[in-house]
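Chains as they are written, first to last, in our numbering: chain F, 183 to 416; chain Y, 1463 to 1555. Where is the CB? At the ideal position from N, CA and C, for every residue including glycine. Data first, discussion second: the structure below is written as structure tokens.
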């Protein structure tokens, strides 16, 4: 494969780097929060290697949705994205024997997917994220001295009381879909799938600095959507 | 606004942050990428600014709620296709 993106192999040092202390602690992102009582990937991997079809189905149920969304940001249509995802699952099955667990299973799978989607989409060199470098809060919200003139209204603890949970996640899902592709990819992998920044950089073949810029813009826009829904008139 | 964007975020560390600069540092802060004096400057601003504290809380809540999003259901057809794919792979043996 000649694509410059096709060689994004998970970094061998990833496990070591992952222990970097993040301060302050990530808010409310304990695994148990989002993945209640799920069998760990390692266990599914073990069963899959033992030839358990149900383990494959469980893995598909867990990751197919994110894979499809990630693929969609590289290729032009859902049909093509579905093909890329199917190819990826086949590559995962064929690669199982050689998978050494140097990265996590999902990082390995997302990397295969991103490489395939990129090759299939033949997306020309991806635009530099700084091209979308507008402020994360509209300038009209600040006075001439740079302090808030229209400060954020308080809604944080009320979000789930004021909007039914299904509507809230639906709102966020469509907000994510309307993010620029690269922001969507990073937000999906970081905040929906819960990958670490190191894993995301590895999957998408981007630098830490780019990852942060994309995450910053993406999260900022999701916050705006929530604010528009929950924060009264804004 | 014009003043601030010209001056940029890297403006003299001795000077305090204004809100418009602080909100642009939130992700760096949450990622643990603000170090030393930068971080102290950010935290000092937060300590005196309820609005930016609110903004940070909203970003945290946004992240938490994003973690609840399920990325889409498997359609029955996709489930069938992928189960077939698994069985074909098994036969490849």
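Please go through the stretch 1503-1541 of chain Y and give each complete beta strand (DSSP E) segment of 3 or more residues, from N-terminal end onward.
Taking only runs of at least 3 residues, no beta strand (DSSP E) segment lies wholly in the stretch 1503-1541 of chain Y.
Given residue 1513/Y, which residues of its chain have a CB within under 7 Å of its CB, disregarding the five upstream and five downstream residues?
Taking the second chain and counting its residues from 1, one reaches residue 1513/Y at position 51. Around residue 1513/Y: 1481.
Report buried or exposed for residue 1538/Y, applying the criterion of at least 16 other Cβ atoms within 10 angstroms of its Cβ.
For the purposes of this step, residue 1538/Y is identified with residue 76 of the second chain, where counting begins at 1. That one is exposed.
What are the residues in the stretch 1524-1548 of chain Y lying within 8 Å of chain F by C-beta distance?
Against chain F - using a Cβ distance shorter than 8 Å - the residues of the stretch 1524-1548 of chain Y are 1524, 1525, 1526, 1527, 1528, 1529, 1530, 1531, 1532, 1533, 1534, 1535, 1536, 1540, 1541, 1543, 1544, 1545, 1547, 1548.
Return the bridge partner residues of residue 324/F from the DSSP annotation.
Looking up residue 324/F in the first chain gives position 142. Bridge partners of residue 324/F: 330/F.
Determine the chain Y residues that contact residue 238/F at a beta-carbon separation under 7 Å, and present them in chain order.
Stepping through the first chain from its first residue, residue 238/F is reached at position 56. The answer, in chain order, is 1548.
Nearest to residue 237/F by alpha carbon, out of 1548/Y, 1483/Y, 1485/Y, 1491/Y?
Within the first chain, residue 237/F is the residue found at index 55, counting from 1. Out of 1548/Y, 1483/Y, 1485/Y, 1491/Y, 1548/Y has the C-alpha closest to the C-alpha of residue 237/F.
Checking contacts by CB at 8 Å: is residue 290/F closer than that to chain Y?
Along the first chain, one-based indexing puts residue 290/F at 108. No, no contact with chain Y.
Short of 7 Å Cβ to Cβ, which residues in the stretch 1483-1504 of chain Y face chain F?
From the stretch 1483-1504 of chain Y, only 1483, 1485, 1486, 1489, 1490, 1493, 1494, 1495 have a Cβ closer than 7 Å to chain F.
If we define contact as Cβ-Cβ less than 8 Å, is residue 1507/Y a contact residue for chain F?
If you number the second chain from 1, residue 1507/Y lands on position 45. Residue 1507/Y does not count as touching chain F.
How about residue 379/F: is its C-beta nearer than 8 Å to some C-beta of chain Y?
The sequence position of residue 379/F within the first chain is 197, counting from 1. Output row for residue 379/F: interface = yes.
Contact check, residue 1489/Y vs residue 401/F under 8 Å by CB: the rounded distance?
The residue you call residue 1489/Y lines up with position 27 of the second chain. The residue you call residue 401/F lines up with position 219 of the first chain. Correct: roughly 7 Å between the Cβ atoms.
With residue 393/F and residue 368/F assumed to form a contact (beta carbons below 8 Å), what rounded beta-carbon distance in angstroms separates them?
As a first step, residue 393/F is located in the first chain; it is residue number 211 there, counting from the start. As a first step, residue 368/F is located in the first chain; it is residue number 186 there, counting from the start. The pair is a contact, with the Cβ atoms about 6 Å apart (cut-off 8 Å).
Run the CB neighbour count on residue 358/F, radius 10 Å, all protein chains shown included, and call it buried at 16 or more, exposed below.
Residue mapping note: residue 358/F aligns to position 176 of the first chain, counting from 1. Counting Cβ neighbours within 10 Å, residue 358/F comes out buried, since at least 16 surround it.
Taking C-alpha atoms, which residue in 412/F, 395/F, 413/F lies nearest to residue 1487/Y?
Position 25 of the second chain, counting from 1, holds the residue named residue 1487/Y. Ranking the options by Cα distance to residue 1487/Y, first place goes to 395/F.
At what residues does the alpha helix (DSSP H) containing residue 272/F begin and finish?
Stepping through the first chain from its first residue, residue 272/F is reached at position 90. Looking at the DSSP string, the run of the alpha helix (DSSP H) that includes residue 272/F is 260-277.
With DSSP run on the structure shown, which of helix, strand or coil describes residue 376/F?
Position 194 of the first chain, counted from the start, is the residue given in the question as residue 376/F. DSSP places residue 376/F in coil when its eight states are reduced to three.
With three or more C-beta pairs closer than 8 Å as the rule, is the stretch 218-228 of chain F touching the stretch 282-290 of chain F?
Yes, since at least three Cβ pairs between the stretch 282-290 of chain F and the stretch 218-228 of chain F fall closer than 8 Å, the two stretches touch.
Name the two residues that bound the continuous alpha helix (DSSP H) containing residue 400/F.
To locate residue 400/F, count along the first chain from 1; it is residue 218. Residues 390-412.
Counting only Cβ pairs nearer than 7 Å, list the residues of chain Y close to residue 242/F.
Mapped onto the first chain, residue 242/F falls at position 60. Going along chain Y in sequence order, the residues near residue 242/F (Cβ under 7 Å) are 1536, 1544.
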